[in-house]
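Report on the following structure.
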Amino acid sequence: MADDPVSSYGDDPYAGFNFLVEAGDSGIKGMFTEVSGLKGEVEEFEIKEGGLNSRTHKFPGRVSWGPVTLKKGLGDATFFWDWWETVASESASLDCRKNVKITMLDRNNDTTLRIWNLKDAWPKSWEAPGLNAGSSELAIETLTLNHAGVTESKS
């Protein structure tokens, strides 16, 4: 196993179950059951060079950012709904955008492992929890955010 490049560095992968989400300067923060969709993609464009008919050249273009989905247990706090309602109302403006910070914590919630910052995020969709009288599952609400980009740091 000495030839295994992963184990030779001694870094264990991080557990992905401890994270905190903060929205804007409002002091709103909470533990969420799921965060998904942290994704960026670079568009490529092709150029055909005159006289070189056997291939094309590919170059990086614009970056697009995928929507991020947040899920949490439904409780007394109405922040998700309030933010969604602000955007969905006819009076929505650029004021509804918030910077969102997603902090990944270690197994003991003591140390910050990574921070992802979403710039100018706003709710694209909101979903109420499914309700089923025959189920004992938690009521989970979902908010999907569009944003203008992601930055990552270790602290």
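Just so you know, the sequence shown maps onto residues 2 to 156 in the working numbering.
Beta carbons: idealized from backbone N, C-alpha and C, even for Gly.
All values reported here derive from a predicted model rather than from experimental measurement.
Under a Cβ-count criterion, where at least 16 other Cβ atoms within 10 Å of its own Cβ denotes burial, should residue i be classed as buried or exposed?
{"i": "Phe81", "result": "buried"}
{"i": "Ile103", "result": "buried"}
{"i": "Glu35", "result": "exposed"}
{"i": "His148", "result": "buried"}
{"i": "Arg63", "result": "exposed"}
{"i": "Lys30", "result": "exposed"}
Ordered along the chain, which non-local residues of its own chain (more than five positions away) have a Cβ less than 7 Å from that of residue i?
{"i": "Phe1", "result": "The first residue shown for the chain is 2 and the last is 156, placing residue 1 beyond what the model contains."}
{"i": "Arg115", "result": "Met105, Glu153 and Lys155"}
{"i": "Lys49", "result": "Thr57"}
{"i": "Glu160", "result": "There is no way to answer for residue 160, as the model of the chain reaches only from 2 to 156."}
{"i": "Asp77", "result": "none"}
Residues in the same chain with beta-carbon distance under 6 Å from residue i, minus the five sequence neighbours each way, listed in chain order, please.
{"i": "Leu144", "result": "Leu71, Phe81, Pro124 and Trp127"}
{"i": "Glu42", "result": "Ser65"}
{"i": "Ser37", "result": "Thr70"}
DSSP three-state label for residue i, please.
{"i": "Ala149", "result": "coil"}
{"i": "Phe80", "result": "helix"}
{"i": "Thr113", "result": "strand"}
{"i": "Ala24", "result": "strand"}
With a CB to CB cut of under 8 Å and the five nearest residues on each side skipped, what residues in its chain are close to residue i?
{"i": "Leu146", "result": "Pro68, Val69, Thr70, Leu71, Val101, Leu119, Ala122, Trp123, Pro124 and Lys125"}
Locate the beta strand (DSSP E) running through residue i, then write down its first and last residues.
{"i": "Phe33", "result": "Per DSSP, Phe33 belongs to no beta strand (DSSP E) and is neither H nor E."}
{"i": "Lys59", "result": "His58 to Trp66"}
{"i": "Lys72", "result": "Val69 to Gly74"}
{"i": "Lys155", "result": "Per DSSP, Lys155 belongs to no beta strand (DSSP E) and is neither H nor E."}
{"i": "Gly41", "result": "Gly41 to Ile48"}
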